[in-house]
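The next block holds one structure in the form of structure tokens; read it before the comments.
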Amino acid sequence: MGSFFIKKIENAEQKNLFYREIFEDLEVFDQMLADGVLNPDNNMIGVEQELCLIDKFGLPKKTALEFLSSIKDNQYTNELALFNAEINLDPQPLQGLGLKQIADQLYSLIEVGRKAGEPINTELFLTGILPTITMADLTFVSMTPIERYKVLSQELLNLRGEKFEIFLEGVDDVKLKLESILFEACNTSIQLHMQINPARFLHMYNWSQLISGPVLSVCTNSPLLFGKELWSENRIALFKQSLDTRIHYNHFREKVPRVYFGEDWLQKSPSELWKSAVARFPLVFRCEGTDNSTLLYASGKMPELKSVRLHNGTTYTWNRMCYGVDDNMAHLRIECRYLPSGPTIVDEVANMVFWVGLMKAGETQEENFWKKINFSAIKSNFYKAARTGLLTEFDIFGENIAASELISNTLIPLAEKGLKDSNVDQSIIGKYLGVISDRIEKNQTGSIWQVENFRRLNNKFKPALVSKILVTESLQYQKEDIPVSEWSDIPDHSLHLFFKNNFKKMTAKDIMSHKIQAIDIDTSVLFALKIMEWQNIHHLIVEDQKEVFKGVVYKPDIEFVVNKNEKVLKYISKNFYKVFPNTSMTKIQQIVNREEGMAVVVIDKHKTVGIITKNDL
Numbered sequence: 231m232g233s234f235f236i237k238k239i240e241n242a243e244q245k246n247l248f249y250r251e252i253f254e255d256l257e258v259f260d261q262m263l264a265d266g267v268l269n270p271d272n273n274m275i276g277v278e279q280e281l282c283l284i285d286k287f288g289l290p291k292k293t294a295l296e297f298l299s300s301i302k303d304n305q306y307t308n309e310l311a312l313f314n315a316e317i318n319l320d321p322q323p324l325q326g327l328g329l330k331q332i333a334d335q336l337y338s339l340i341e342v343g344r345k346a347g348e349p350i351n352t353e354l355f356l357t358g359i360l361p362t363i364t365m366a367d368l369t370f371v372s373m374t375p376i377e378r379y380k381v382l383s384q385e386l387l388n389l390r391g392e393k394f395e396i397f398l399e400g401v402d403d404v405k406l407k408l409e410s411i412l413f414e415a416c417n418t419s420i421q422l423h424m425q426i427n428p429a430r431f432l433h434m435y436n437w438s439q440l441i442s443g444p445v446l447s448v449c450t451n452s453p454l455l456f457g458k459e460l461w462s463e464n465r466i467a468l469f470k471q472s473l474d475t476r477i478h479y480n481h482f483r484e485k486v487p488r489v490y491f492g493e494d495w496l497q498k499s500p501s502e503l504w505k506s507a508v509a510r511f512p513l514v515f516r517c518e519g520t521d522n523s524t525l526l527y528a529s530g531k532m533p534e535l536k537s538v539r540l541h542n543g544t545t546y547t548w549n550r551m552c553y554g555v556d557d558n559m560a561h562l563r564i565e566c567r568y569l570p571s572g573p574t575i576v577d578e579v580a581n582m583v584f585w586v587g588l589m590k591a592g593e594t595q596e597e598n599f600w601k602k603i604n605f606s607a608i609k610s611n612f613y614k615a616a617r618t619g620l621l622t623e624f625d626i627f628g629e630n631i632a633a634s635e636l637i638s639n640t641l642i643p644l645a646e647k648g649l650k651d652s653n654v655d656q657s658i659i660g661k662y663l664g665v666i667s668d669r670i671e672k673n674q675t676g677s678i679w680q681v682e683n684f685r686r687l688n689n690k691f692k693p694a695l696v697s698k699i700l701v702t703e704s705l706q707y708q709k710e711d712i713p714v715s716e717w718s719d720i721p722d723h724s725l726h727l728f729f730k731n732n733f734k735k736m737t738a739k740d741i742m743s744h745k746i747q748a749i750d751i752d753t754s755v756l757f758a759l760k761i762m763e764w765q766n767i768h769h770l771i772v773e774d775q776k777e778v779f780k781g782v783v784y785k786p787d788i789e790f791v792v793n794k795n796e797k798v799l800k801y802i803s804k805n806f807y808k809v810f811p812n813t814s815m816t817k818i819q820q821i822v823n824r825e826e827g828m829a830v831v832v833i834d835k836h837k838t839v840g841i842i843t844k845n846d847l
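Residues 231 to 847 in our numbering are what the sequence shown spells out, letter by letter.
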């Protein structure tokens with residue numbers, strides 16, 4: 231999409247003209263398929279690597295413009311947010327050491343990025359969702375100032391007609407709204423491309439759908455979002471909801487979200503994928519400077535099909551068909567979009583080798599295998615894997631089977647055969663499939679490691695601080711390139727040391743408790759006293775019906791009130807201290823030490839977002 235000249239659709243005439251260009255592209259594409267002119271090669275592999283830019287405390291750092299301007303290599307490029315970047319690797323042939331060449335280039339380019347980040351105190355970090363990201367990082371000032379991002383965000387918002395909303399449930403739950411598509415900026419992935427013989431595309435695309443759930447289950451790396459433990463791979467739900475233009479007023483009508491797994495098997499032709507997207511999803515913008523596909527093809531030149539590809543770029547399947555032209559030779563690819571970045575490069579390469587091996591093994595699977603399998607079961611497998619990772623039980627190959635058993639006993643041997651049959655060097659096969667096997671044997675993926683450490687440390691420290699230490703510890707493992715299956719638990723002393731060394735640079739949001747016991751202004755004294763008794767606390771936050779902070783009521787001020795039916799509003803105390811999320815720890819410590827017993831309330835936009843006591847310091 232970045233190479234297209236994107237324009238807003240201003241009127242019905244422009245919309246209808248762009249639709250005609252799309253229809254023409256589709257007719258030419260169908261003719262190209264019928265004529266058999268697309269490249270039949272099926273051995274080229276490509277990779278796109280998304281990453282986060284962070285500071286030394288593990289927080290997102292909006293330095294993408296400075297960072298990219300200092301890198302001369304044009305394989306680095308922008309992403310939606312200023313705290314993200316992307317690397318486009320050179321495609322390589324699969325045979326021999328091709329996959330190693332991809333890995334070597336990735337190592338080299340990451341090192342280039344690390345050196346470029348040093349002068350601006352910026353680190354590169356590979357993860358599916360950065361644990362330290364907050365809603366404050368998702369304002370418009372964080373969006374990369376490129377017109378297509380602004381237009382995409384505004385037009386999708388116009389289609390929706392209201393703010394984007396996310397609602398995820400796991401151990402915790404998150405329900406938030408945003409007036410842009412920047413929820414999507416939380417996600418970073420590694421996208422794998424495999425060139426496909428057009429004559430076998432239908433078979434291979436359906437196979438890529440079938441293996442998606444099991445592959446995802448052993449690669450999850452995004453269990454935390456805004457300090458909450460949710461899905462094993464939160465990217466799947468977050469991406470779907472971050473660009474969802476549907477509204478929920480008409481529950482009788484079924485509409486497909488713009489981010490989706492699919493509704494059925496591919497039945498007849500690759501062009502079904504594009505036609506379905508055109509039929510289902512409204513145009514977001516148009517493309518200027520397109521060529522006449524019919525005339526180009528008639529003259530012997532392979533058309534770019536820019537109009538239909540642009541529209542396809544505003545819809546998002548987890549396995550996407552891609553079309554490209556190189557040296558007047560057109561080809562088709564399947565892009566795997568569901569794998570998270572990280573936890574390390576060696577883990578990412580292992581994920582790639584596993585997926586590539588399974589895809590190559592799919593070439594020899596029974597013809598029309600998909601006709602015997604209910605698509606809903608495969609779709610369910612994918613979302614179950616996103617929720618529960620290695621704990622998933624799959625409905626696949628005619629049986630219900632645990633993820634670890636399926637991967638160890640069936641899929642790893644299948645991937646190994648696919649790689650061997652493709653003449654991939656044995657050293658690559660053994661090393662990287664071994665990384666996948668170790669995750670199963672030790673029951674440790676990136677998500678499992680994050681969750682286990684988050685739960686343990688969260689009993690002693692607040693989520694914001696724990697998230698920082700998760701990132702900084704993970705970064706060290708990344709730099710040493712140790713597979714996640716070999717990562718150790720974070721010792722308590724690491725967090726204590728982090729707290730001690732960075733105390734002066736920390737703020738209220740690092741230590742405040744988000745679990746606030748609040749009452750409204752109409753609450754009776756009796757009810758307030760009961761809550762204090764049950765919760766073993768000596769004060770309560772008082773808010774109005776719109777959750778605007780009004781003050782604090784203390785137990786000593788109300789416990790001897792004669793008329794317990796009186797409202798607490800009368801007894802609200804002025805004896806509290808109000809701070810903000812970015813108030814320094816030094817100032818907070820001075821307040822707590824000076825005013826022992828006084829509530830320190832953290833306020834943001836007139837609402838209570840946290841509370842701090844002496845025990846938090």
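We put the beta carbon where it would ideally sit given N, CA and C, even for glycine. Just so it is clear, the structure is predicted and the values come from calculations on it, not from any experiment.
Rounded separation between residue i and residue j - CA only
i       : j       : result
Val-792 : Glu-763 : 18 Å
Gln-595 : Leu-281 : 35 Å
Phe-313 : Asn-451 : 19 Å
Glu-623 : Leu-263 : 39 Å
Pro-500 : Val-555 : 16 Å
Gln-706 : Glu-353 : 11 Å
Asn-269 : Ile-426 : 9 Å
Phe-684 : Ser-718 : 13 Å
Asn-805 : Lys-735 : 27 Å
Tyr-784 : Thr-544 : 54 Å
Glu-315 : Thr-374 : Before going on, a small fix: residue 315 reads as Ala here, not Glu. So the alpha carbons of these two residues sit roughly 10 Å apart.
Arg-563 : Lys-817 : 57 Å
Asn-464 : Ala-616 : 7 Å
Collapsed DSSP secondary structure at residue i in the structure displayed
i       : result
Lys-238 : coil
His-433 : helix
Lys-808 : strand
Tyr-490 : strand
Leu-770 : strand
Gly-328 : helix
His-481 : Note that His-481 scores a pLDDT of 47, beneath 50, so its modelled location is shaky; the value from the coordinates is reported in the next line. Note: His-481 maps to coil in three-state DSSP.
Ile-376 : coil
Val-514 : coil
Phe-779 : strand
Val-508 : helix
Tyr-707 : helix
Gly-530 : coil
Ile-284 : strand
Leu-406 : strand
Check whether residue i and residue j have beta carbons under 8 Å apart
i       : j       : result
Ile-741 : Ile-842 : yes
Leu-455 : Leu-368 : no
Val-489 : Leu-473 : yes
Gly-587 : Glu-578 : no
Lys-837 : Ile-802 : no
Ile-317 : Gln-279 : yes
Ile-420 : Leu-406 : no
Met-815 : Thr-737 : yes
Ile-699 : Phe-728 : yes
Leu-324 : Val-654 : yes
Gly-343 : Ser-462 : no
Residue i, buried or exposed, once every other Cβ within 10 Å from all chains shown has been counted against 16
i       : result
Gln-322 : buried
Lys-739 : buried
Ala-366 : exposed
Val-701 : buried
Lys-291 : buried
Lys-614 : buried
Gly-457 : buried
Glu-309 : buried
Gly-391 : exposed
Phe-482 : At Phe-482, the pLDDT of 49 sits below 50, so the modelled position is not reliable; the number obtained from the coordinates is stated separately. It counts as exposed.
Val-778 : exposed
Leu-251 : Residue 251 is actually Glu in this sequence, not Leu. Classification of Glu-251: buried, given that the 10 Å Cβ count is 16 or more.
Proximity test, residue i beta-carbon vs the ligand NAP heavy atom, cut-off 7 Å
i       : result
Arg-465 : No copy of the ligand NAP occurs in the structure displayed, which carries no ligand at all.
Exercise. When the Cβ atoms of the segment 527-547 are set against those of the segment 506-517, are three or more pairs found closer than 8 Å?
Worked result: yes
Exercise. Contact between the segment 664-673 and the segment 711-722: three or more CB pairs below 8 Å?
Worked result: Contact between the segment 664-673 and the segment 711-722 is present, because at least three Cβ pairs lie under 8 Å.
Exercise. Between the segment 646-658 and the segment 329-340, do three or more beta carbon pairs fall short of 8 Å?
Worked result: Put simply, the segment 646-658 touches the segment 329-340. At least three CB pairs are less than 8 Å apart.
Exercise. Looking at C-beta atoms only, is the number of pairs between the segment 283-299 and the segment 234-248 that lie closer than 8 Å three or more?
Worked result: The segment 283-299, when compared against the segment 234-248, does not touch it at the 8 Å Cβ threshold.
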